[in-house]
Structures are given as structure tokens and as C-alpha cells.
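Quick notes on the structure that follows.
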Amino acid sequence: MSVAKEGPKKITTHVLSEMKMKGEKIAMLTAYDYSMAKLVDKAGLDVVLVGDSAANVMAGWETTLPITLDQMIYHAASVVRGVKRAMVVADLPFGSYQGNSKEAVASAIRMMKESGADALKLEGGKEIVESIERILSAGIPVMGHLGLTPQSIHKFGTYSVRAKQEEEANKLVEDAHLLEKAGAFAIVLEKIPAKLAEKVAKELTIPVIGIGAGGGVDGQVLVVHDMLGINQEFSPRFLRRYHNLYAEIVGAVGNYIEDVKSSDFPNEREQY
Ligand code: KIV
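So in numbering that gives the first Met the number 0, spot 84 of the sequence shown is number 83, and the numbers just go up one at a time.
Spelled out as C-alpha cells, the structure:
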């Protein structure tokens, strides 16, 4: 028996599928903590991604590889507590699903049980289809991720645009169809030529969400710290900055330091 809860209509895989059919674009951003999750949900975001980019943004690692399943569960559970309407998708981290499909389904079940996320995202195509099928058969919705897949950075060697050559482009299209056939409810395409991404979005019936993949797809995703300008060290061509929170925060903290040092803070109204 389900328990009815008051609140805005929750975004589900079914809603996202309808959005694609109606040509309504899907807006997705990352979040890794309760406070940011509350803000992006309040703004009306459709999907919150608890990305393993938390390894970079929250923990300062060079790559996404070091983050563990326990750490991702912590981030995802924090986000879930802040979200009422958006769909919460959590990344399965490197090393938690690549070994075999049994390990993959065990990691997936842990993430769903312990975080309360609505769905999971896994990187890769043909190589992980068996794992995706097992996760789906446990009743867990899966989002795919093709193109630049940061968990494979040591195989690629660089973060440059993927699938520019015909052979890699053909494999990507094939993988996208395999993921759809396996039952993935959506796919992220990262840093690939816009024409290729548009072709995939046209051929698939499930939503295709791009990052550095042009405007011909069904939605967009960015890392929230990049688009808000909190992180200034990362400036790829595809990134649009909507704010310069770096300057705002450094400025505000500078003002606070000045006020403390000059004994301006706290004043009489700011004490008991
Ligand atoms: O981890 C992440 O933030 C992601 C997005 C870049 C799609 O996977």
C-alpha cells in the first residue's frame, strides 16, 4: 500500500518520457548536499543528478575514480532529503558495478535502499548491458551515460571531445540503441559532436540529455558549481555561467573578516 503525501507532482520516468513526446526540454543539474538540493528543486528543476563529479567538486580529487559507494550513498541521501518534486538520479561510482552483474545489482540495491534515490546512472554501453538488465529486473530505473565517460579517463587519456571519428561514432549509436533496448529510461551524452547527439536523440524514443552535446537533444545537464560560477577553474566551451558566486562568496567572507577584526560585528542588536 502506498502512502499519499502532500506536495508538488513528483517527476517520474513516465513524466520524462511524456516531456520527450511533447518536445518539452528536460532541465537537469547536479547537487551533492541537502541545502543545494532544496534550492534547485525550489527553482523547478526536473532532474537532480547526484553525480560522481562529487569526487571533483566536493572532495577535490583530480578524477571521479576515488569516490566510494558509501560516500555516494551519503551524498544521495542528503539530496533526497532536500527534494520534493524533481527526480533524483544517483551515479553508481567506479568499481561498484564494472566487475560483474551480481556485484552491480548488489551496489544498485544498496544505493536505492540507503539513499532513497529514484533512479541510478551508470557509464558505458555494450560492456555493461548485462548489469543494466539485472538492475532493471530488480525494479530499479537506469539512466545510461555515453560519450565522454569520466570513469574511463585512464583509457581515453584526455577529456577531449569523443566520437569525432566514424568508428567511435558508430559504436556510440549502437550502444545507445542497446541501452534503450535493455530498458534504460534515458541517456546522458557527454562531450560529443552536436550532429551525432541530435541523430541519437531523433532515433531513440527515450530522452537524451546532453552535456557538451549541442541543442538537438531532449534536455541539458550541467554541474551546478560550474554554472553558478562557484568553481572557476573549469571553463569548457559548453559551459554557460549563470552567476559569479566565487566573487560573491569571497567578497562576502572578506567583509565578514573585516567586520570581525574591526569589532564592528556583532553590534548591540546582534547579541543577547
Ligand atoms: O557526475 C556528473 O556530474 C555527471 C554529469 C557530468 C553528467 O555524470
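Just so it is clear, CB atoms sit at the ideal spot from N, CA and C, and this is done for glycine as well.
- Within its own chain, the residues whose Cβ lies closer than 6 Å to the Cβ of Ala107, once the five positions on either side in sequence are excluded, are Leu119, Ile134 and Ile139, listed in chain order.
- Annotation for Leu44 indicates a beta carbon at 7 Å or more from all heavy atoms of the ligand KIV.
- Straight-line spacing of the CA atoms in Glu129 and Gly94 works out to 16 Å.
- As the crow flies, the alpha-carbon of Leu171 is around 20 Å from that of Phe237.
- Check the Cα spacing between Glu122 and each of Ala76, Ala103, Ala212 and Lys112: the tightest is with Ala103.
- Proximity to Lys24 across Ala200, Lys37 and Arg268 peaks at Ala200, based on C-alpha coordinates.
- For Asp51, there is no enclosing beta strand (DSSP E), as DSSP marks it with neither H nor E.
- A direct Cα-Cα distance of roughly 23 Å separates Asp217 from Lys83.
- For Ile248, the enclosing alpha helix (DSSP H) begins and ends at Leu244 to Lys260.
- Between the ligand KIV and Val220, a heavy atom-to-CB distance of less than 7 Å is present.
- As computed with DSSP, Leu188 is found in a beta bridge with Leu145 and Gly209.
- For Ile186, the closest of Lys9, Gly6 and Ser16 by C-alpha to C-alpha distance is Ser16.
- In this structure, the C-beta of His144 approaches the ligand KIV to less than 7 Å from one of its heavy atoms.
- Inside the region 111-179, DSSP marks whole beta strand (DSSP E) runs of 3 or more residues at positions 118-120 and 141-146, from first to last along the chain.
- CA-CA distance, Ile10 to Ser77, rounds to 18 Å.
- Looking from the CA of Pro7, the closest CA among Tyr33, Met18 and Gly43 belongs to Gly43.
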